[in-house]
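Same order as they appear, the protein sequences are chains A and B.
Here the numbering used here is used: the first residue of the first sequence is 2, the next is one more, and so on.
Here the numbering used here is used: the first residue of the second sequence is 3, the next is one more, and so on.
Built from N, CA and C at the ideal position, the CB exists for glycine as well.
One structure is given below, encoded as structure tokens.
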Amino acid sequence: MDYTFPPELFTSYFHSGPPNSEFAHNVGGWGVYGQVKEASSITKQHGTAATLPEHTQFATKHQMEGETWLPVESLTLPLFPPKRGRKWHSTALSDPLDFSEHMQDYYLHRSQDAFYTMSQFLEENLHSVNTKGKTSVLSRTQGFMETLKYKKCAVTYLKPRIKAYHNLLSDVIYDIPPELLAHNLYEELTQQRELEQFSEVATGGALCYIPFSQLNNTQQGCLLYPGDPGLHSLNFHRLALEFHAEGPPCIDSSLRPFSFQLDGTVRQICTGTPQDTSNVGVRSDYTCGVWMVSEKNEPKTVEVIQTKEVATCLSISPHIQGELLVASESGVAHLWTVGKGLQKFRKEDSNMYFNARSAWRWCDFTGHPRVMIYADRTGVELTDIRTNENCSHTLFRIGQTPDCKTGERVIMSKYLREVHMFHHLITTQFSAYILDERFPCIPMVKWDHMMEDPPMFAHVLASNSSGAGTTKVVLGSQRSQELTLLQYSGGRQDACCTRGPPAALLRPRDSLSHLPAQIPHRHHIAQQRLALKAAGVTCIQQNQGARDICVLQLTEAGDVFYQMLRPQVASCKEDVTTPTQNSEDVGLPTSVQHRSSIDTLISQDMSVDREKSKGSLGSTSPGPTVDCGFERRGTDLPCFKVVVNDDPEETDLGLSGFELDNRQGVSSSASRPAEASTACAARPSLAKAGDDALLKWKIWLFKLVRKNHRKQRFPHNTIRARGLLDKSGETESRWREPMEEDKRDSLRRDVKEAMKRGKFLVHGATHLPPMEPVSVPGSVEPSAWTDDLSQRLSVSWEGGWKVWWEESLGMNQESKMQALRRKRRRQKMARAHNRLELSGSFTTSVSYQSDMDDLSGYTSATSQSAASDSEGTRLSLFSDDLSEPGSYKTSQMHGRTARVNEEYQSSLQEASRGLFDEGVPSAPLATSSQVSSVFPSQRTPRVGGSSQTSLSQLKRKKARMGF
Amino acid sequence: MVTKSDTRPTSKQKQFNLLTTFGYDETCDPTSIISNPSVRPTYRIRFLHMDSVGLRLKIMDDLTTEVIVPEGEYESPDEEHVKKSQGKTSNFPLAPPVFKETPKESGFHKTIRTCLQKIREAMLHHRWLEASQFMSSYCQTLEDTTATMPQLQSEMIWKMGTEILHHNPNSKIEDYNSFYERMKNSGVKQYLVVCLEHAFHFLVKGHFEEAKRQLSIAESWRYGRKSAGQSQRIKLIQAYKGFLDYLIWCNKKATLSIMDDPDAGAIQEMHSYFRQSSVNLKEVMKTPGVWDPFLLSYVDMQEFYNDHDGALKVLNNYSYDNGFPPNPNAHVYLYQYLKKHEAPPKEQIQVLKILHALVPSHALMLEYCSLLLQSGKQSNFGKALGVCLDLLDYACWRNSLDVWSQVKNILLRLRTSEGWSEIVEELMVKRKDWWPALHFTHSSSSKENGELEEIKIFVAEVLCPSASMYSYQVKRQSRGESLCKTKKTKRKRNYVTSRKCRENLKRKREQTSRGRQHKDQCV
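See the structure below:
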């Protein structure tokens, strides 16, 4: 029972001083036992059994093992389709040093306001001064501003007239002196930045769930959340949560919410203990209201009050129906009894323990219906409101006893009525504490929650009805959307102790990385929307048996995201068969061996993991990032069903637009686990969570983009040109007419089927009308086109474009000459080798002659070819040795064409023999022999009628065949 | 350049290789995860070379940094005050950013930051394997001579490393030992803390002797000037040592009690344990704090040696010293001690009276009540009634049959005396506006059984005549048993038409008006 106080507490020092340690690092919550005490103290007290001290069981303040709760899916899911958000929102923090830009904008776009007074005064005078008398002062100012608009150097481009005006009037023309404006702007921006980082009005959170009844594993309940762009409406949404023994849990949110329009932004929603009719308190900045919700009737407003100062807190009594507490920034706390009005019970003008410069106040109930919590940033007090004089004592204060850090402040306080009659949760930006109001000042439990932003929302889940298991605390922060799950146990028969390390839950802003890639602008919209600040956290748990927990999170745009947590059974831990340790054989060799065996074991693990991490960390694709740690966990986690609550036509649109994408997404996600499983069997296939989740996200994103789609306003004038090229209107209907509906459907089906199989969709397989045969155009004979252009084209078709141009422009003369010379030399050598006669010397002179001819063009072509003719036929017999057959076979050609061709061949050969860097387009060829063998044959159509070439080729081939 | 294959054969002596502690496979490059090629190689080689000599050097390093850079614990409060006033202008309670880029940081520092972030992420999401991988690389930060806070780094490594070890199913007590030993020596500041944690780990794993040895080592540790925090920690270590001595004493006592004629040596040994333990425990209990286990053991020993004055003195000091926190258990222990030794009821009542002021909802309040009633004084009846009513204020006692019947008894006994109505009036004046709503409503009555209802009707009529409606509701319910049943079946249905609801309401209203008429007639 709750009234049992733990008979023995953990030890701790008690100091009354201020905190004396600084916040140094953010890993304080790990790896420390804290304190230790004997676990079975009661048996020892009676002291009959003579237990050896070795057998004494010890309990630690922090126990390393807790329950493991893992998200079922690797990403959060949206609960409702997106509502229209604010017109603009940015998650970037404003920089106070940007005040100059803000001033510039003000002068530019609000010049009427900025210079109103003086322009009114000066207008006449300036008119009289102005010789032309046409331009008004304002237009001048505008002109001046125009010059400022572009970021030129202001001094260089100042017009002399403006300069003169500036000298004359710069100190009087502004309505607000720039210094003052700058100062105020800076202050304002600083404040706004702070508000963006931390807006304390949202403390407590504006998301609540009231469970109604449970029938056959179906939990009925009502979710309360604010909607609309500015969170100006209050929604009562009926949910049905279906828990199955084995299958996936299922949320049915198909009913329409019951909505109230409010005057202000909803900051906090709180509920009392669930009863037949529950009261719901709603706080906005200056108004607070109470609604009544029951399972059978529609929700209705009971009472609304208005506060003079900003209300900072509202809480509902868990003891007496219709009692609430309201605290405001004035420091006054009221007890609000519905129907009887407000009753002031405490007022504090300053902070309680030291000056924290904060007007934030908080109230809550305690185990006694007439003792209240009164809190500010410095501490928490228990106030007895039965007496008129202020009778209160400290429950918690920032100080040395709970080992607070310098600068630590109370962020929120929550009475844990459902968990323990006397327990309170108090969070600061560094830690979370559980305090027992029967023993104030010393926290029963302390965690370092290790969150980046202060936790402003909390939901507590009691341990299951038998008392076993842990109490779970879910903390939520605002700006970074963090969710942290903490666990503790005890508080009744045993002292409280924390269980297991803190666990971070999934955040909506991380979801995008798990989804298939989006188009950039869509990605941007979604990113902006998902990264908005959180505004509330709540959890839904099954009444009997703590099987699944549904964690819901609200963002400032009114979107609700949820994730399912499922307990992981610790029994499937890896059992490593290691030799049992005996105290006798602690000899060195065995221990070394033992050590090495551990190492190998660990290294095996590690090597497996390295593979995994390469897969998951290296790739940008959404991989199975949720790791199992060292444990072997259930591999087959079922994904859960989704009942989509959508307008039918919108769903249709969404599906038709996204089906294709979704298929891809699914297939990729389906292939991922397969890879992962080959890499490591130990990793749970959480990424398998794909299909339904991805589909849900697809629809959500599509709707979000549609909702955000506005007419684009360009800075320039536009003409309507949509109808001109649009075929969606008439053309489409005309196109559609012959196709009957079912035919189109069947076609679509066929396409899908084909895509699924990764095959082509052949026209014949469809029911489309047969296509008209298109006649094949006749072949083109290149030789028929003799003009320059055609020739060039046909050459370039074969890849000789560059060469052709070089040829026609005469750019390759030199290289050609060299090539020729080389050729001659070779021929000469060959000849000299062949017959050592006098005539040989004659031929050399001829060849020399021809070389000289070559310098002056192609004049002596005939003589040269005649000379080389006789040699060529003979030499072609050994052409294989020389490995340049092309040059010989083409040498038999006659006329200029032949010669050009030959030279081209040889130069080509040179080029290809060298580095291939000559830029021959389509000849990145392997060997010179290939070049020379391929090219002539390709070129035959153009050369035309050169039977000798083919003959020589034939010969050469024969020779080769001889090999 | 020395490669790994060279280092391995020479590592016969115990290597200072943290990597193996985290299950690091030597064939893989630990720095491959961290992408900073410029700093990587030198650090890695130095790291692998750190044997016992290196360890000694490391300690020297730490010592020098210790001497040069005093930490916050040495600062005088004045300095702190100055710092505070110079410090933040913002009064918003934001935690300072964790991974802050410093203006003058090398690539190595950047890598460290990234690595730490990765470790944190992995650990928060319980990906222990991944965290251990990063951790094996992160240990290199200890090598950094330019680090501004070397203490901090080793503390972080200690905490994160221990947590990772806890979640490694393959970790053995040797791994823990070596890790704790290294961490002890990598920073002087945290020597005591790590020692204590090491001892706790031994205790949890059932290695009693090792734990005791650890505490002895920690106790004998001396280094320079002790800060306030360190002296407290030493006291705590001594106290835990005393506590372990007490456990041994308990064991000896039990074995001696079984033996027929115990020899003098064994008794002497037992006494020596008692002396060691009691000195240490008494010492720590002088400072304000919560010392429940220590106090119990001390009192147990004093009791055994029949030093009742000593025991009572300690108990009284623990309960009534103003420097101590208002621990309910202190009063409970005192009361239990008094009760056990049959102290006069007046003393017992005195203790419980204070406990009542502190915790009106305590389970001992029922005993207090019966003690008051046993005293037989008329004035105490009123007090007993007050105690019971206080209990009923709390939700956990709200449906307790014992308390309600106790209230009924007291009321019956009070009625015989004179001026009882004043006493009741005095007690109920603060409760009259909310008690009816708390106890005597329809919703509360629907959950109760018949006996409790009867008693409550009686009490309501006496204490809250204004809440007489309650008795009629309950009576009507008990009369119309069938009505209740139909209601329950209706609740099972999700939606009831509004017409039926209206009819129900109408019927209820009629019944209540009938009830009222009936009461008027009675009056």
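**Study point:** Whole-Å CB distance - S321 (chain B) paired with M303 (chain B), under 8 Å assumed
**Key:** The pair is not a contact, with the Cβ atoms about 19 Å apart (cut-off 8 Å).
Exercise for review: Let me know the secondary structure DSSP gives N2 (chain B) once reduced to three states.
Suggested key: Because chain B spans 3 through 525 in this model, residue 2 (chain B) falls outside it and cannot be assessed.
Check your understanding: Does any CB atom of chain B fall closer than 8 Å to the CB of D653 (chain A)?
Key -> Unreliable placement is indicated for D653 (chain A), whose pLDDT of 36 sits below 50; the coordinate value is still reported in the next sentence. Under the Cβ distance rule, D653 (chain A) does not count among the residues neighbouring chain B, no pair being separated by less than 8 Å.
**Study point:** Sequence ranges, beta strand (DSSP E) only - wholly within the segment 783-838 of chain A, length at least 3
**Key:** The beta strand (DSSP E) runs lying completely inside the segment 783-838 of chain A and spanning 3 residues or more number zero.
Review point. Taking only runs of the beta strand (DSSP E) that begin and end inside the segment 329-412 of chain A, which ones reach a length of at least 3 residues, in chain order?
Key: Within the segment 329-412 of chain A, the complete beta strand (DSSP E) runs of at least 3 residues are 333-338, 342-348, 363-366, 372-377, 380-385 and 392-398.
Practice item. Grab me the residues of L94 (chain A)'s own chain with a C-beta within less than 8 Å of its C-beta, minus the 5 sequence neighbours each way, in chain order. Key: Within the same chain, L94 (chain A) has close Cβ partners R194, E197 and Q198.
Point to revise | Interface partners of M158 (chain B) on chain A, CB under 7 Å | key: What M158 (chain B) touches in chain A: H26 and V28.
Review point. If C209 (chain A) and L225 (chain A) are in contact, beta carbons under 8 Å, what's the gap, nearest whole angstrom?
Key: L225 (chain A) and C209 (chain A) do touch by the CB rule: their CB atoms are close to 4 Å apart, below 8 Å.
Check your understanding: Looking only at C-alpha atoms, which of A:R85, A:S120 and A:A376 sits nearest to S414 (chain A)?
Key -> Measuring from the Cα of S414 (chain A), the nearest candidate turns out to be A:A376.
Review point. Name the chain A residues that come within less than 7 Å of Y320 (chain B), Cβ to Cβ?
Key: The premise fails here: Y320 (chain B) is roughly 12 Å from chain A at the closest Cβ pair, so nothing lies under 7 Å.
Review point. W406 (chain B) to I211 (chain A), Cα distance in whole Å?
Key: Distance between the alpha carbons of W406 (chain B) and I211 (chain A) is about 32 Å.
Check your understanding: If we ignore side chains and look at the alpha-carbon of each, how far apart do V196 (chain B) and N217 (chain A) end up?
Key -> Straight-line Cα distance between these residues: approximately 52 Å.
Check your understanding: Where E557 (chain A) and K534 (chain A) are concerned, what is the direct C-alpha to C-alpha distance, given to the nearest angstrom?
Key -> If you draw a straight line from the Cα of E557 (chain A) to the Cα of K534 (chain A), it is about 6 Å long.
Point to revise | Collapsed DSSP secondary structure at F306 (chain B) in the structure displayed | key: Helix.
Exercise for review: Evaluate the contact criterion for the segment 27-37 of chain A versus the segment 163-179 of chain B: three or more CB pairs, one atom per stretch, below 8 Å.
Suggested key: Enough Cβ pairs lie closer than 8 Å, so yes.
Review point. Where does the unbroken beta strand (DSSP E) through E304 (chain A) begin, and where does it stop?
Key: Counting along the chain, E304 (chain A) sits inside the beta strand (DSSP E) bounded by residues K301 to Q307.
**Study point:** V381 (chain A) beta carbon less than 8 Å from that of F397 (chain A)
**Key:** Using a Cβ distance threshold of 8 Å, F397 (chain A) and V381 (chain A) count as a contacting pair.
Point to revise | Near-chain B residues of the segment 350-381 of chain A (beta-carbon distance less than 8 Å), N- to C-terminal order | key: Answer in chain order: A357, R358, S359, G368, H369, P370, R371 and R378.
Check your understanding: Are any of the Cβ atoms in chain A nearer than 8 Å to that of V206 (chain B)?
Key -> Closer than 8 Å: yes.
Check your understanding: What do you get for P99 (chain B), buried or exposed, if any count of 16 or more other CB atoms within 10 angstroms of its CB means buried?
Key -> Of the other Cβ atoms in all chains shown, fewer than 16 fall within 10 Å of the Cβ of P99 (chain B); this residue is therefore exposed.
**Study point:** Residues from the segment 281-294 of chain B in contact with chain A, defined by Cβ distance under 7 Å
**Key:** From the segment 281-294 of chain B, only T289, P290, G291, V292, W293 and D294 have a Cβ closer than 7 Å to chain A.
**Study point:** Proximity test, Cβ basis, 8 Å: M261 (chain B) and chain A
**Key:** Cβ-Cβ to chain A under 8 Å: no for M261 (chain B).
Exercise for review: Would you list the residues sitting across from C540 (chain A) in a DSSP beta bridge?
Suggested key: Note: C540 (chain A) sits in a beta bridge opposite A:V552.
Exercise for review: Answer yes or no: does any C-beta atom of chain A fall closer than 8 Å to that of E271 (chain B)?
Suggested key: It does not: the Cβ of E271 (chain B) has no partner Cβ on chain A nearer than 8 Å.
**Study point:** Length of the line joining the Cα atoms of Y178 (chain B) and R227 (chain B)
**Key:** Cα-Cα distance, rounded: 30 Å.
Review point. L414 (chain B): buried (16+ other C-beta within 10 angstroms of its C-beta) or exposed?
Key: Burial call: exposed.
**Study point:** Chain-ordered chain C contacts of S432 (chain A) [CB-CB under 9 Å]
**Key:** In the displayed structure, chain C is absent; the protein chains listed are A and B.
Check your understanding: Three-state secondary structure (DSSP) at W130 (chain B)?
Key -> Collapsing the DSSP output to three states places W130 (chain B) in a helix.
Review point. Listed in chain order, which residues of the segment 428-442 of chain B have Cβ atoms closer than 7 Å to some Cβ of chain A?
Key: Against chain A - using a Cβ distance shorter than 7 Å - the residues of the segment 428-442 of chain B are K432, W436, A439 and L440.
**Study point:** Start and end residues, beta strand (DSSP E) containing V1 (chain A)
**Key:** The structure shown has nothing for residue 1 (chain A), since chain A only spans 2 to 964.
Check your understanding: From what residue to what residue does the beta strand (DSSP E) around P456 (chain A) run?
Key -> Under the DSSP assignment, P456 (chain A) falls in the beta strand (DSSP E) whose first and last residues are P456 to L462.
**Study point:** First through last residue of the alpha helix (DSSP H) which encompasses C252 (chain B)
**Key:** In this chain, the alpha helix (DSSP H) harbouring C252 (chain B) covers A230 to I260.
Exercise for review: Could you round the C-beta distance between V353 (chain B) and H333 (chain B) to whole angstroms and report it? I think they count as a contact, below 8 Å.
Suggested key: Contact between V353 (chain B) and H333 (chain B) is confirmed by a C-beta separation of about 6 Å, below the 8 Å threshold.
Point to revise | M430 (chain B): first and last residue of the uninterrupted alpha helix (DSSP H) it sits in | key: Residues W422 to M430.
Practice item. With DSSP as the reference, please indicate the residues paired to Q64 (chain A) in a beta bridge. Key: According to DSSP, residue pairing for Q64 (chain A) in a beta bridge involves A:R500.
Practice item. Output yes or no for whether 8 Å exceeds the beta carbon distance between F366 (chain A) and S329 (chain A). Key: Contact annotation: F366 (chain A) and S329 (chain A) have beta-carbon atoms that are not nearer than 8 Å.
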